[in-house]
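Novice: Before we start, here is the structure in question, set down as structure tokens.
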Amino acid sequence: MTPASLFGLRGRTALVTGSGRGIGAAIAKGLAGAGAHVVLHDVDTRHTDAVRDCILASGGQAMQISGDLALPDAGADLMRRAGAVAPIDILVINASAQVNAELADLTESDLDLQLAVNLRSTLGMLQVALPAMAQRNWGRVVSIGSVNQARPKAVVTAYAATKAAQHNIIQSQAREYARHNVLLNTLAPGLVDTDRNAARRNADPEAWNAYTRTLNWMGRAGRPEEMVGAALFLASDACSFMTGETIFLTGGF
Ligand SMILES: NC(=O)c1ccc[n+]([C@@H]2O[C@H](COP(=O)([O-])OP(=O)(O)OC[C@H]3O[C@@H](n4cnc5c(N)ncnc54)[C@H](OP(=O)(O)O)[C@@H]3O)[C@@H](O)[C@H]2O)c1
């Protein structure tokens, strides 16, 4: 066994949802760097142009697909369209909707959006992806969860609940597909410095710095690139005896 045989992804095709920016973009570049043919996904293909250019410039392979995961049947439809181009060996469920609001202030449409993107589309993608992976006797699903799935806060009550439920789905399907060498795991980040947090960070940089200093044992937010190593492990042959589990990348909590 060599690092290349464990972590190399040559010959594999990976779909990364929401890979136009943030954690999804970093993971897509990481998987491409390991040799995977990456299918970049976002609401609009123009949003993944820069990531595609970066991967191609480094000698990697990438193509683009679009789809709004908030729409009915979007998850299954995305998997069918991606699978028609190339069989999907690795599915990274990364795109999510997050509305920060106290429960009393959460509107019906805030709730619908989070349920649709984080849960309904996850179920739809897995309905199509898992039987096809099982037929080929190889598959990896990396579901991007959150520290909030284990340590929820009131301001993200609904979002945290969807992330906990998303992992519950991963566990039931991990059990179902384990004997087909289709392994599903969750990668759960703590706070990561992405556009998702930009408004809060830019509104009061000093308050943001004070917050991140006390947030976790390392005293800082993570960087998207710091999610890549664990994602690569979960997407590769290095992960051969682990399924239905969660890797927390939080800086200590
Ligand atoms: N950042 C954190 O602190 C943090 C912490 C814990 C967990 N996470 C999780 O990590 C994952 C990535 O987070 P991030 O911070 O990188 O997010 P981000 O910067 O907000 O990027 C999210 C990506 O998902 C896409 N997306 C959002 N809604 C979509 C939809 N309805 N259909 C298709 N694509 C959609 C976005 O597309 P557009 O560019 O078109 O908007 C964007 O490319 C999420 O699952 C999030 O819950 C993040």
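Under the numbering used here, the final residue of the sequence shown carries the number 260; numbering is consecutive throughout.
Each residue gets a CB set at the ideal place from its N, CA and C atoms; glycine is no exception.
Note that the coordinates shown come from a computational prediction; the quantities given were computed from them, not determined experimentally.
1. Determine which residues share a DSSP beta bridge with V23 and list them.
2. Within this structure, are the beta carbons of T95 and V235 separated by less than 7 Å?
3. Taking T253 as the reference, give the member of S65, H187 and K170 with the closest Cα.
4. Might you give, ordered along the chain, the residues of its own chain that have their beta carbon closer than 7 Å to the beta carbon of D49, omitting 5 neighbours on each side?
5. Take R87 and list the residues in its own chain whose beta-carbon comes closer than 7 Å to its own, dropping the five residues that flank it on each side.
6. Could you give the DSSP three-state label for Q105: helix, strand or coil?
7. Do A238 and L13 have their beta-carbon atoms positioned less than 7 Å apart in this structure?
8. What does the alpha-carbon distance come out to for the pair E233 and V92?
9. Quick one: what's got a C-beta closer than 7 Å to N155's C-beta in the same chain, skipping five residues either side?
10. Just to confirm the assignment: which complete alpha helix (DSSP H) runs, minimum length 4, are found wholly within the segment 110-147?
11. Taking 8 Å as the limit between beta carbons, can you name the residues of its chain near A161, skipping five residues before and five after?
12. Would the beta-carbon of I151 be found less than 6 Å away from any heavy atom of ligand 1?
13. Exposed or buried, what is L63 when buried is set at 16 or more other beta-carbons lying within 10 Å of its beta-carbon?
14. From the DSSP secondary-structure annotation, give me the bridge partner or partners of A69.
15. Just the C-alpha distance for A181 and A217, rounded to the nearest angstrom, thanks.
16. Taking K161 as part of the beta strand (DSSP E), name the residues at either end of that continuous run.
17. What's the C-alpha gap between G229 and Y184?
18. So, using beta-carbon positions, are L113 and R147 closer together than 7 Å?
Specialist: Concretely, from the data shown:
1. Its beta-bridge partners are L47 and V99.
2. In the sequence under discussion, the amino acid at residue 95 is Ile, which differs from the Thr named in the question. No, these two residues do not count as a Cβ contact at 7 Å.
3. When only C-alpha atoms are compared, the closest one is K170.
4. If we look at D49 and ignore the five residues flanking it on each side, its Cβ neighbours are G25, S26, G27, T55 and S73.
5. Closer than 7 Å at the Cβ level, and outside the excluded window around R87, lie V135.
6. Reduced to three states, the DSSP call for Q105 is coil.
7. No, these two residues do not count as a Cβ contact at 7 Å.
8. Those two C-alpha atoms are separated by around 30 Å.
9. So the qualifying residues of the chain are V163, Y166, A167 and K170.
10. Fully enclosed alpha helix (DSSP H) runs of 4 or longer: 115-122 and 128-143.
11. Only E109 and L110 meet the Cβ criterion.
12. It does: the Cβ of I151 is within 6 Å (strictly closer) of some heavy atom of ligand 1.
13. Under a 10 Å Cβ-count criterion, L63 is classified as exposed, with fewer than 16 other Cβ atoms of the shown protein chains found around its own Cβ.
14. Note: A69 sits in a beta bridge opposite V45.
15. Spanning the two alpha carbons is a distance of roughly 39 Å.
16. First, the residue type needs correcting, since residue 161 is Ala and not Lys in the sequence shown. From DSSP, A161 is part of no beta strand (DSSP E); its letter is neither H nor E.
17. So the two alpha carbons sit approximately 32 Å from each other.
18. Taking 7 Å as the cut-off, the Cβ atoms of L113 and R147 do not count as close.
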